[in-house]
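Right, one structure below, let's go through it.
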Amino acid sequence: SSSFTLYGAEFIELQSLGNNTLTSFKFSPSGGAPSRLKYIKFNKPINLKLTSTSYSNGMFMGCNELEEIVGIENLNTTECTSFAGMFMKTDSYKGTLDLKALNTSNNITLYYTFAYCGASVIDISTWDVSKITDINYTF
């Protein structure tokens, strides 16, 4: 497994990260500093294993200039147990977040997942939330 952190870029297009499973995936520095990221495109499948016990929460947290995410269906979230803070503080995102393709069958926490998210529509209509135990401040 490996981690991926990228700060300062405005436009990112991820072609491939190899066969690794990412246990940490962030676009914004910790400590609440804002990110300049405006656009991200996931071109190929990426395996994620985000857990509440690792430093993995808040994938897009603090990306307060984010305008577009393309290819989010390429994120394999089958092994994720936490989406905590994933879209927190993305208040400039005004479009639709179509998250139906994200697998939440093993997820146990949605803590702050969409807190301060500016999306006009958040589609999680297909999410399996049967194992969720923490929904504090999800929206």
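Just so you know, the sequence shown maps onto residues 6 to 144 in the working numbering.
From the three backbone atoms N, C-alpha and C, an ideal C-beta is built for every residue, glycine too.
- Taking I74 as the centre and dropping the five residues before and after it, the same chain places the C-beta of I45 closer than 6 Å to its C-beta, in chain order.
- By the Cβ rule, the region 107–118 counts as touching the region 81–98, because three or more pairs are nearer than 8 Å.
- Residue T114 holds the alpha-carbon nearest to the alpha-carbon of Y142 among N79, N52, T114.
- The bridge partners DSSP lists for I113 come to none.
- The C-alpha of A106 is placed about 8 Å away from the C-alpha of T131.
- Around the beta carbon of F144, a 10 Å sphere encloses fewer than 16 other beta carbons of the protein chains shown; the residue is thus reported as exposed.
- If you check the CB distance, T86 and N69 do not come in under 8 Å.
- Comparing C-alpha distances from G100 to each of G63, I127, K49, L53 shows the shortest one belongs to I127.
- Nearest in C-alpha terms to L42, of all of K49, F65, T56, P50, is F65.
- Relative to the Cα of K31, the nearest Cα in the group G67, S57, F47 belongs to G67.
- In this structure, N108 lies near T83, with their beta-carbon atoms less than 8 Å apart.
- Annotation: L55 to K136 spans about 15 Å, alpha carbon to alpha carbon.
- Closest by C-alpha distance to L102, out of D139, N111, E78, is E78.
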